[in-house]
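J.:
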Amino acid sequence: MLPKRKRLADYYPLTPEDAVILQRMSSRSFNIYFINQLLLKLSNKYPNRHFVNKIAVLNYMAKALANELLTTEQANSENFRFNDVGRFKEQYLANI
48 MLPKRKRLAD YYPLTPEDAV ILQRMSSRSF NIYFINQLLL KLSNKYPNRH FVNKIAVLNY
108 MAKALANELL TTEQANSENF RFNDVGRFKE QYLANI
């Protein structure tokens, strides 16, 4: 029998140990709070994505973190929320 596939949200929250693994895999030093927020955002954006095990989730999240457009400073700030992304884009465009 095949293992049951779980939604991405079923793996929330990731542990600090998972965060260390993801930081190494993605070569980016995002904090655990941002990583868990990204996991929730992706689970809402792609509700039909399912994973067989945690290793598959970590591989998926590592790719998402490696390709994240926000800098680690922006993402790791204490008051970061994903609804702030528009503000960061506006600041960037104003500086150009």
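Under the working numbering, think of the first position of the sequence shown as 48, with each following residue one higher.
In this text, a Cβ means the ideal position worked out from N, Cα and C, and glycines have one as well.
(1) Who are Phe77's beta bridge partners in DSSP?
(2) Check whether the Cβ of Val104 lies closer than 9 angstroms to any Cβ atom in chain D.
(3) On the three-state DSSP scale, how would you describe Phe129?
(4) Check this for me: beta carbons of Arg52 and Ser90, under 9 angstroms apart or not?
(5) Can you confirm whether the segment 117 to 128 touches the segment 62 to 73 when touching is taken to mean that 3 or more C-beta pairs between the two stretches lie within less than 8 angstroms?
(6) Could you spell out where the alpha helix (DSSP H) holding Lys51 opens and where it closes?
(7) Leaving out five residues on either side along the sequence, give the residues of the same chain with a beta carbon under 6 angstroms from the beta carbon of Ala122.
(8) Can you list, in chain order, the residues of its chain whose CB lies under 6 angstroms from that of Ala56, leaving out five sequence neighbours each side?
(9) Looking only at its chain, what residues have a beta carbon closer than 6 angstroms to the beta carbon of Val104, apart from the 5 residues adjacent to it on each side?
(10) Let me know if Ala66 comes out buried or exposed under the rule of 16 or more other beta-carbons within 10 Å of its beta-carbon.
T.: On the basis of the data shown:
(1) Note: Phe77 sits in no beta bridge, so no partner.
(2) Note that chain D does not occur in the displayed structure, where there is just one protein chain.
(3) Per DSSP, reduced to three states, the secondary structure at Phe129 is helical.
(4) In this structure, Ser90 does not lie closer than 9 angstroms to Arg52 by Cβ.
(5) When Cβ pairs closer than 8 angstroms are counted between the two stretches, the segment 62 to 73 is seen not to touch the segment 117 to 128, the count staying below three.
(6) Premise fails: Lys51 is in no alpha helix (DSSP H) and is neither H nor E.
(7) Excluding five sequence positions before and after Ala122, the CB atoms of its chain that fall closer than 6 angstroms to its own CB belong to Phe77, Phe81, given in chain order.
(8) Hits under 6 angstroms: Ser90.
(9) Exclusion of the five residues before and after Val104 leaves Tyr58, Phe98 as the residues of its chain whose Cβ lies within less than 6 angstroms of its Cβ.
(10) Counting C-beta atoms within 10 angstroms of its own C-beta, Ala66 has 16 or more neighbours from the protein chains shown and is therefore classed as buried.
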